Amino acid sequence: MYFELAKRNLKRIKVRSLLAIVGILIGVMAISSIGIFGESLKATVLENFKDVANEIIIRPNHQAGYKYIDDKDIMRIKKMPHVANVIPVLSDVVLVGYRDKKSYIAVYGMDERELSQMFELEDGSFKLKGSCIIGNRLAELASLRVGKKLSIGGKLFRISGILKDAGARFDINPNLAIFLSEQDFKKISDSGYDMLIVKVESLDVVGEVKDNIEKKINYREKKIIAFDLKLILDRINKVFSRVNSFLIAIASISLLVAGVSILNIMLMSTIERTKELGVMRAIGAYRVTIVKIFLLEALILGLIGSSIGSILSIFGGYVIDFILLKNVKYVFQLSSLFYIALGFSVGLATAIISGLYPAWKASKLEPIEALRYE
Amino acid sequence: MNVVELLNVCKLYKTQYYEVLALSEVTLEIEEGEFIVVMGPSGSGKSTLLNIIGCLDKPTSGKVLINGVETSKLSDKELTELRRDTIGFVFQTFNLIPTLTVFENVELPMIFKGIEKKKRQKRVMELLRLVGLDELADRKPAEMSGGQQQRVAIARALANEPLILLCDEPTGNLDTKTGLQIVDIIKQQNEERGVTVILVTHNPSLQDFGNRVVKLRDGRIIDVL
Numbered sequence: 001m002y003f004e005l006a007k008r009n010l011k012r013i014k015v016r017s018l019l020a021i022v023g024i025l026i027g028v029m030a031i032s033s034i035g036i037f038g039e040s041l042k043a044t045v046l047e048n049f050k051d052v053a054n055e056i057i058i059r060p061n062h063q064a065g066y067k068y069i070d071d072k073d074i075m076r077i078k079k080m081p082h083v084a085n086v087i088p089v090l091s092d093v094v095l096v097g098y099r100d101k102k103s104y105i106a107v108y109g110m111d112e113r114e115l116s117q118m119f120e121l122e123d124g125s126f127k128l129k130g131s132c133i134i135g136n137r138l139a140e141l142a143s144l145r146v147g148k149k150l151s152i153g154g155k156l157f158r159i160s161g162i163l164k165d166a167g168a169r170f171d172i173n174p175n176l177a178i179f180l181s182e183q184d185f186k187k188i189s190d191s192g193y194d195m196l197i198v199k200v201e202s203l204d205v206v207g208e209v210k211d212n213i214e215k216k217i218n219y220r221e222k223k224i225i226a227f228d229l230k231l232i233l234d235r236i237n238k239v240f241s242r243v244n245s246f247l248i249a250i251a252s253i254s255l256l257v258a259g260v261s262i263l264n265i266m267l268m269s270t271i272e273r274t275k276e277l278g279v280m281r282a283i284g285a286y287r288v289t290i291v292k293i294f295l296l297e298a299l300i301l302g303l304i305g306s307s308i309g310s311i312l313s314i315f316g317g318y319v320i321d322f323i324l325l326k327n328v329k330y331v332f333q334l335s336s337l338f339y340i341a342l343g344f345s346v347g348l349a350t351a352i353i354s355g356l357y358p359a360w361k362a363s364k365l366e367p368i369e370a371l372r373y374e
Numbered sequence: 375m376n377v378v379e380l381l382n383v384c385k386l387y388k389t390q391y392y393e394v395l396a397l398s399e400v401t402l403e404i405e406e407g408e409f410i411v412v413m414g415p416s417g418s419g420k421s422t423l424l425n426i427i428g429c430l431d432k433p434t435s436g437k438v439l440i441n442g443v444e445t446s447k448l449s450d451k452e453l454t455e456l457r458r459d460t461i462g463f464v465f466q467t468f469n470l471i472p473t474l475t476v477f478e479n480v481e482l483p484m485i486f487k488g489i490e491k492k493k494r495q496k497r498v499m500e501l502l503r504l505v506g507l508d509e510l511a512d513r514k515p516a517e518m519s520g521g522q523q524q525r526v527a528i529a530r531a532l533a534n535e536p537l538i539l540l541c542d543e544p545t546g547n548l549d550t551k552t553g554l555q556i557v558d559i560i561k562q563q564n565e566e567r568g569v570t571v572i573l574v575t576h577n578p579s580l581q582d583f584g585n586r587v588v589k590l591r592d593g594r595i596i597d598v599l
């Protein structure tokens, strides 16, 4: 009955109730849509790092007098449990010439197969024997094309392929680099292995493998430094979560406005219904009963607004993702559900909190004063 | 047994600019089953008297006993329960809840009391038959005449079988004929059920309904007939 009464009281001021619902709806939609977008943004960024997340990078410890990683240690790491693959990388900065231009450029010596697994080609083919593959920025800067010949460390190499832009990486930055086969690299430089990319079977064991490597190789002296990209991933995760919280906080302002509008219409209701409230108190309604009726009204507004807002927020998230990320595949992930639930509950809570003061005020009316009110 | 006892009741209304002594040293005893008509010009304190008996207002000084209970010592919750269970109100302007149907308006005091649904519904229909409105149970107050609304208000006032029925100018907004019908229903309740009636009016033709007439002027009882 109280519910029915609350419902009818809202119907009596249809337009005002509708506006309050729209307010809540917009607030809930803003919170949930932005939450969904933030989560999609994070997922999109993290996806770029997915390939490298299960890597451990090992470098020689220069401070302890180690310039390279020796073959014995590489072999030991290869045999460790959970290690899927070890890619030893030779690197040096070498004088490279093309026509009349010269520059010192990072040159890597790697296995052809490993290279093809790590990067994609924009042009040409993965052929390293007697030839080289170059990064995409380098090709652009020096206007290089497949088939041209470069002088690398005094020897000529034909360009067999140009890599696609690989974005930011933490192991090898290929965009401005040249790749040779190990044999060819050794002809132009006497550098040893100064980086080891250790691929681990799964993300869960990254820490374990890293500890294991440090323990086994560094048992006497700190020969190598290992760091895993999972740590960086965690950082990115954290930063984006903060960005998301911030965005949601801004979106919450719209809900605050909605709350104020509910407060407003309900305060008007208490004034308009003063006499009615007096009658109810006179015929035996407790103060609590009056509070209950008013809170029910707020609850109904909140429930309707939040429900519609939640449904629309899926649509909202979809549109924002489509416009800003050009990609909607992350709209339908589990975290979206969380933000919808968050928007819904914050919307509902706002409505109820906004109803508290008018409800309290209505219940404080003295029946005699209220009855006299015209 | 006295259902209402007023002892030296004073009511002083104070504002920033003036003071009004609405009731001055009013002492009155009303026995169960009486029909009291309170008369007096406007401003004589009739409504204040009724509001104090109805526990809607508190006296500035003096004692009020309703059914043997001193009201000044009661909490808001207890006063609410006293009004709900012991007192029925009939107002000049009917004061039905506009969003509720006739049926629901009569049902409301019983909902406040926590009476179970089946009992409530049976009682509502009984009451509506009593006031001759059982056919209009689904109407809203706005769809009814003043006389019909006042009959609903009487049914509502009787819902929790009160000991005392307080009527504040119940015919004030009605034509003479309808007004008499309303007072007839009230009188009938008084005679058949023995409910104590206190009726405030300034219509002298209603004097005959009361077994006692209390005349007020300037907040004092000047005559009891």
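If you're matching them up, the sequences are chains G and U in order.
Here the first sequence is numbered in the working numbering, starting from 1 and rising by one per residue.
Here the second sequence is numbered in the working numbering, starting from 375 and rising by one per residue.
We put the CB at the ideal spot given by N, CA and C, even for glycine.
None of these values were measured; they are calculated from a predicted model.
Residue i: which of the options sits nearest, CA to CA?
i: U:T401; options: U:E408, U:V378, U:V411; result: U:V378
i: G:F332; options: G:V346, G:S345, G:T350, G:I311; result: G:I311
i: G:E112; options: G:P88, G:Y104, G:V93, G:I225; result: G:P88
i: G:I352; options: G:S32, G:V260, G:L95; result: G:V260
i: G:V198; options: G:A53, G:G35, G:Q183; result: G:A53
i: G:L121; options: G:V96, G:S103, G:I159, G:L90; result: G:I159
i: G:K223; options: G:L233, G:L229, G:E214, G:P367; result: G:E214
i: U:P578; options: U:K388, U:A396, U:L395, U:V411; result: U:V411
i: U:E455; options: U:T473, U:V464, U:F468, U:C429; result: U:C429
i: G:G154; options: G:N237, G:K187, G:T44, G:K7; result: G:K187
i: G:S345; options: G:S131, G:Y357, G:S307, G:S335; result: G:S307
i: G:L141; options: G:L176, G:K148, G:S116, G:F157; result: G:L176
i: G:I13; options: G:M29, G:R137, G:L301; result: G:L301
i: U:S416; options: U:E543, U:E565, U:G584, U:L548; result: U:E543
Considering only residues of the same chain and omitting the five flanking positions on each side of residue i, which have a CB-CB separation below 7 Å?
i: G:G355; result: I262, M266, F294, L295, E297, A298
i: U:L381; result: T401, G436, K437
i: U:M484; result: R494, R497, A533, N534
i: G:P174; result: F119, G135, L163, A166
i: U:I559; result: V505, R525, I528
i: G:L233; result: L46, F49, A53
i: G:I248; result: I31, I34, G35
Identify, in the order they occur along the chain, each residue of the same chain with its Cβ nearer than 6 Å to the Cβ of residue i, setting aside the five sequence neighbours on each side.
i: G:R99; result: none
i: U:Q434; result: Going by the sequence as given, residue 434 of chain U is Thr instead of Gln. Within the same chain, U:T434 has close Cβ partners C384, K385, L386.
i: G:R281; result: P367
i: U:P515; result: L470, P472, Q523
May I ask which residues mark the beginning and end of the beta strand (DSSP E) holding residue i?
i: G:L180; result: 178-180
i: U:I461; result: 461-464
i: G:K155; result: 155-163
i: U:F477; result: Here U:F477 belongs to no beta strand (DSSP E); instead the alpha helix (DSSP H) covers 476-487.
i: G:Y98; result: 83-98
i: G:F227; result: 224-228
i: G:V139; result: In the sequence as presented, Val is not what sits at residue 139 of chain G; that position holds Ala. Per DSSP, G:A139 belongs to no beta strand (DSSP E); it is in the alpha helix (DSSP H), 136-141.
i: G:E122; result: 121-124
i: U:G436; result: 435-440
i: U:E403; result: 393-405
i: G:K199; result: 193-200
For the alpha helix (DSSP H) holding residue i, just list the boundary residues, first then last.
i: U:N425; result: 420-427
i: G:F344; result: 334-363
i: G:T44; result: 14-48
i: U:D558; result: 550-567
i: G:E208; result: 206-217
i: U:M413; result: Per DSSP, U:M413 belongs to no alpha helix (DSSP H); it is in the beta strand (DSSP E), 409-413.
i: G:K60; result: With the sequence shown as reference, residue 60 of chain G is identified as Pro, and Lys is not the correct amino acid for it. Not the alpha helix (DSSP H): G:P60 falls in the beta strand (DSSP E), residues 55-60.
i: G:I300; result: 287-320
i: G:D71; result: 71-78
i: G:S116; result: 112-118
i: U:R503; result: 491-504
Excluding sequence positions up to five away, which residues of its chain have a Cβ less than 8 Å from the Cβ of residue i?
i: U:E399; result: N382, V383, C384, G436, R594
i: G:D73; result: I217, K223, I224
Which residues in chain A have a C-beta closer than 8 Å to the C-beta of residue i? List them in chain order.
i: U:L474; result: Any reference to chain A falls outside this structure, whose protein chains are G and U.
Measure how close the beta-carbons of residue i and residue j come, nearest whole angstrom, since I'm counting them as under 8 Å.
i: U:A511; j: U:V476; result: 5 Å
i: U:G546; j: U:Q466; result: 4 Å
i: G:G317; j: G:L25; result: Between G:L25 and G:G317 the Cβ distance is about 15 Å, and since that is not below 8 Å, they are no contact.
i: U:T600; j: U:I404; result: Outside the displayed range of chain U (375 to 599) lies residue 600 of chain U, so it cannot be described from this structure.
i: U:G462; j: U:L540; result: 7 Å
Note to self: By the 8 Å beta-carbon criterion, what residues does the region 408-426 of chain U contribute toward chain G?
What the structure shows: N425
Next item on the list: Would you list, in chain order, the members of the region 263-292 of chain G that have their beta-carbon closer than 9 Å to a beta-carbon of chain U?
Entry: K275, E276, G278, V279, M280, R281, A282, I283, G284, A285, Y286, R287, V288, T289
Margin query: What are the residues in the region 443-455 of chain U lying within 8 Å of chain G by C-beta distance?
Written below: D450, K451, T454, E455
Note to self: Counting only Cβ-Cβ distances shorter than 8 Å, please list the residues of the region 427-438 of chain U near chain G, keeping chain order.
What the structure shows: G428, L430, D431
Next item on the list: Using a Cβ-Cβ cut-off of less than 9 Å, list which residues of the region 521-533 of chain U approach chain G; keep chain order.
Entry: R530, A531, A533
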